[in-house]
Every structure is written in C-alpha cells, then in structure tokens.
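A.B. asks: Below are the structure tokens for one structure; questions will follow.
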Amino acid sequence: MKFYQIHEWAAHTVENSSKNIRWSLRRKRLRRGVKHFLKKPYQLTSKQKKEAKAYWKQYTKHFSPLWHELFLQKSGKFDPRYVPDDIMFTEIEDYLNCYDASCGIDNKCNYELYFPEAEQPKTIFRRMQNVYRDADFNVISEEDAIANCLKEGVAVLKIATDVGYGGGVKFWSLKDDGEARLRKLFEVMHGDLIAQSIIKQHPVLENLHKESVSCIRVVTMVTKEGVEYVCGYFRMGQGSTKVDYDGGCVCSIKPDGSLYDIGFDNGTCNPVTAHASGVKFCDFTIPCYEAVKQKALELHKKVGAFRIISWDFSVSPEEEPILIEMNCMYGGIMYHQLGMGPLFGDKTDQILQEVFHK
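Here my numbering is used: the first residue of the sequence shown is 1011, the next is one more, and so on.
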C-alpha cells in the first residue's frame, strides 16, 4: 500500500469512528429525552412492538420502540412506519444531508446573501468571527453595532449557528432594558451573532399571540423527481412568553393551510384542542400557506448539500412569507408525526430503501 493510500485509509477510519461516536451519543441523548414524555404502564402491545421491530429490522439494527410508544400514548395511533428521532438524526439525516457543511452554511448571518429574494427581518448588525458588520456587510466597530441597536430601540439578538429549540435568542429594548443590558448581552452571547428588528406579523397571527412570533414550520425534501413538500406544523406561543417554544403548543398543518383538530402541548406532548386564547385549532387556517410552501420549495433549490430542510416562516401584514431560519440538521420530527402520522407518509418505504441501500 502506497503512502497516499495509507493516508486516505487512516483519514477514512478516523472519520467513520468520529461519526459512530457522534451517532452513539446522539442516540443516547434522544432516547433519554423521549422518556421524559412517556407514562407507565406502556401501551404498545407485544404484537405492535413486534410489528414495528420487524419493519425497522429491514433497515437498521438500532431500532428502539420508544417513539412508537410515545405516538400511541399521545395520539392514540400506531403505525410501524413512524420514524424514530434517533434513527432520523443519525443514519437517515447523515445520508440525506452533509453534516460537515451544516455549521458553515446554516449561519443566520449569511441568509441575506443566500436568499435575497426572500423577505427577512431587518438586520441591525451581525458579528462573524468576532468582526462586526452592518446590514450591508461593511465592517464596523463594536461601538457602531451598539449605536445601531440604540438607534433602533428594540432588537432580537440570535446566536447565528448551532442553536435550536428557541435557544440562543434574547430580546432587548432600550425602554425596558437600557444600554447596560445591551452591552452585557454582547459579552455573554458568544460566537457568531445577528441582531434583527422585531417582525410585524399578519393580523391573523398577531391576534393569536401578540407577545411572540408564531412559527410556520415547513419541511421540504429533494427526491429524484425534484424538490417536494413533505409536511408542516404551526408552533404558537402562549401566555407571557416571547419565544414560541417556551410554554407554547404545536399543531400539524394540512396541505391547504387548515390545522388538524388536535394539537399538542410543547412541554408535555399532551393533546390539546385549542390555543390558550380560546381559538380552536379546527377553526384556524394559516394565512397564505400556499405562498409559504412555494417559497420554501423555491429556496431549497439553492441549497444542494442538504436534501431535507426544515424552514421556519412567518407571514407579513402584506401577506408575504418572512423567512426566519432554516434547519439543515436536527430539524425536529416528533410533533409532525404526533399530528399527521409517519413523516414520509406513503413514500416511507421508497425513501428508507434508498437511505439504507436496499
């Protein structure tokens, strides 16, 4: 074996070892997390458990029935084709998406470069590799960035990479927090950072919960037929929370934009039929949902390294989709399936056969 062949073999071995360790840790963490939502005694019958195991045994040796148990407990429905989180966010997603490229590409500071055709929140400043830039990417000082926020009066500061579930988001206003609080946020929010203006929502969304921006999550996927819509759900804040993940609820969206009758509490996964405001899910329709879906499909064409992406949108008063963020890795699939059934629906076998080379 020649030297360059030995080098390639060693690099490949290290890469595989690193991936296997990452997968193992990810599986352990996800399984520990899902147990938080489960109640005993478990409801899966031995027949259902055997059916689910037989289905997934075709594809992987890492199947756990925990998610099938969760979906049965919370929704009352069983389907062997439910996709467990620990398989999705290891073997499936790593096949469909480029893990190594995710941190670089999925950086909120660069969304305006990637997607200039999409309406987005106004940028106040961005910090990349400890260098501050303005909305036009001109290099500015930290004091200039602070001055921009003071001039704006209110801002949403977001860690730009590697944060999910509403983490890494801080709200600031000159009136309520003052300049000292702003300077403190600059110190404690490490890494790449973007500050944006507050989104003005469509009245239908605004009236549901004024304190937070309700999120329209749309999942798209690239197949051999092109970019396709997979599913969507609606995430709503409740009470005094400013972030929809915190104390909110979730309801799956039908292709026409109407909501399913049953939603789920974001903290417990328990089924609910209405928002805390009293609005019943069965009576609510997402405004301009077709436009949101089409915008997600349009944007996905530009992101070749990722075949499955979860997009977060809002809708403006002018009925224009507003891009909040894209999730290239670990986009979350639990609430989708709680409400609507298996993630990939009738294409589940086709997709799994490709992923696992069957």
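Even for Gly, the Cβ is constructed at its ideal location relative to N, Cα and C. None of the values given here were measured: they were computed from a predicted structure.
(1) Between H1017 and the rest of its own chain, which residues show a CB-CB distance below 6 Å, the 5 nearest in sequence each way excluded?
(2) If I measure Cβ to Cβ from I1289 and keep anything under 7 Å in the same chain, skipping five residues before and after, which residues do I get?
(3) For the stretch 1074-1140, list the alpha helix (DSSP H) runs that are entirely contained and at least 4 residues long, ordered along the chain.
(4) For a minimum of 4 consecutive residues, which ranges assigned as the alpha helix (DSSP H) are wholly contained in the stretch 1148-1210?
(5) Is the stretch 1289-1307 touching the stretch 1084-1097, taking contact as three or more C-beta pairs under 8 Å?
(6) Taking all protein chains shown into account, decide if E1328 is buried (16 or more other Cβ within 10 angstroms of its Cβ) or exposed.
(7) Where T1133 and M1231 are concerned, what is the direct C-alpha to C-alpha distance, given to the nearest angstrom?
(8) Can the beta-carbon of L1080 be found closer than 8 Å to that of R1041?
(9) Between Y1243 and V1260, is the Cβ-Cβ spacing less than 8 Å?
(10) How many angstroms separate the CA atom of A1064 from the CA atom of A1128?
(11) May I ask you to report which of helix, strand or coil DSSP gives R1042?
(12) Does the separation of the CB atoms of G1349 and S1262 fall below 8 Å?
(13) With H, G and I counted as helix, E and B as strand and the rest as coil, what does DSSP make of N1280?
(14) Quick check: the Cα distance between C1225 and R1137, rounded to an integer number of angstroms?
(15) Do you know whose CA, among G1342, G1201, Y1270, P1213, lies nearest C1113's CA?
(16) Under 8 Å, do E1189 and L1167 count as touching if we go by C-beta distance?
(17) Does DSSP classify D1362 as helix, strand or coil?
(18) Taking only three categories from DSSP, how would you classify V1229?
(19) Leaving out five residues on either side along the sequence, give the residues of the same chain with a beta carbon under 7 Å from the beta carbon of S1250.
(20) Is the CB-CB distance between K1118 and A1155 below 8 Å?
(21) DSSP state of R1317, grouped into three classes?
(22) How big is the Cα-Cα spacing for C1338 and D1271?
(23) Where are the alpha helix (DSSP H) runs, 4 residues long or more, that stay fully inside the stretch 1315-1359, in chain order?
(24) Check D1275 in the structure and name its three-state DSSP category.
(25) My output table needs one value for F1294: the three-state DSSP class, helix, strand or coil.
(26) With DSSP collapsed to three states, give me the class of L1309.
(27) Rounded to a whole number of angstroms, what is the C-alpha to C-alpha distance between I1150 and R1143?
(28) Can you find the residues in the same chain that come closer than 8 Å, C-beta to C-beta, to N1280, ignoring five residues on each side of it along the sequence?
C.D. replies: Inspection of the coordinates gives the following:
(1) Confidence at H1017 is low in this model, with a pLDDT of 39, below 50, so its placement is unreliable and the value that follows should be read with caution. So no residue of the chain qualifies.
(2) Note on residue identity: the sequence assigns Val, not Ile, to residue 1289. L1218, listed in sequence order.
(3) 1076-1085, 1103-1106, 1109-1115, 1121-1124
(4) 1152-1162, 1188-1198
(5) no
(6) exposed
(7) 28 Å
(8) no
(9) yes
(10) 44 Å
(11) helix
(12) yes
(13) coil
(14) 25 Å
(15) G1201
(16) no
(17) Reading the sequence as shown, one finds Leu at residue 1362 and not Asp. Of the three classes helix, strand and coil, the one that applies to L1362 here is helix, per DSSP.
(18) strand
(19) E1221
(20) no
(21) coil
(22) 29 Å
(23) 1344-1350
(24) strand
(25) coil
(26) helix
(27) 5 Å
(28) K1084, F1274
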